[in-house]
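The letter at position 61 of the sequence shown is residue 54 when you use our numbering, and the numbering goes up by one with no holes.
Yeah, the Cβ is synthetic: ideal placement off N, Cα and C, and Gly gets one too.
Below is one structure, written out as structure tokens; the observations come after it.
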Amino acid sequence: MSKIIECHKVNPSSDCAHVVRGRDEEELMQNAEAHAREHGLEPTPELMAQVRSYIEDEPERA
Ligand SMILES: [Zn+2]
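Right, dumping it as structure tokens:
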């Protein structure tokens, strides 16, 4: 099952509608790191550990 992180849940003040997706946790975290850089954030281990806690399973589509 694919994994997602909703950017606005990690950082509500960003008002960002982006949803980071990955086929597995490794790919997801790589994409999340790239997205953090788009926000001008340095993807430190501390930041990425925080981001990791927001991982959700992608809802099944009907
Ligand atoms: Zn974002």
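Boundaries (first-last residue) of the alpha helix (DSSP H) holding residue i
i     : result
Glu19 : 18 to 31
Neighbourhood of residue i by C-beta distance below 6 Å, restricted to the same chain and skipping five residues each side
i       : result
Glu(-1) : Val12
Asp50   : Met(-6)
Residue i burial status per 10 Å Cβ neighbour count (16 or more: buried)
i     : result
Met22 : buried
Lys2  : exposed
Which listed residue (the options) has its alpha carbon closest to that of residue i
i     : options           : result
Arg14 : Asn4, Ser6, His28 : His28
Asn24 : Arg45, Ser7, Ser6 : Arg45
The beta strand (DSSP E) enclosing residue i, as first and last residue numbers
i       : result
Glu(-1) : -4 to -1
Own chain partners of residue i with C-beta closer than 8 Å, once the 5 adjacent residues on each side are dropped
i     : result
Ile48 : Lys(-4), Ile(-3), Ile(-2), Glu18, Leu21
Glu26 : Pro36, Met41
Leu34 : Leu40
Gln56 : As shown, the chain starts at -6 and ends at 55. That puts residue 56 outside it, with no answer to give.
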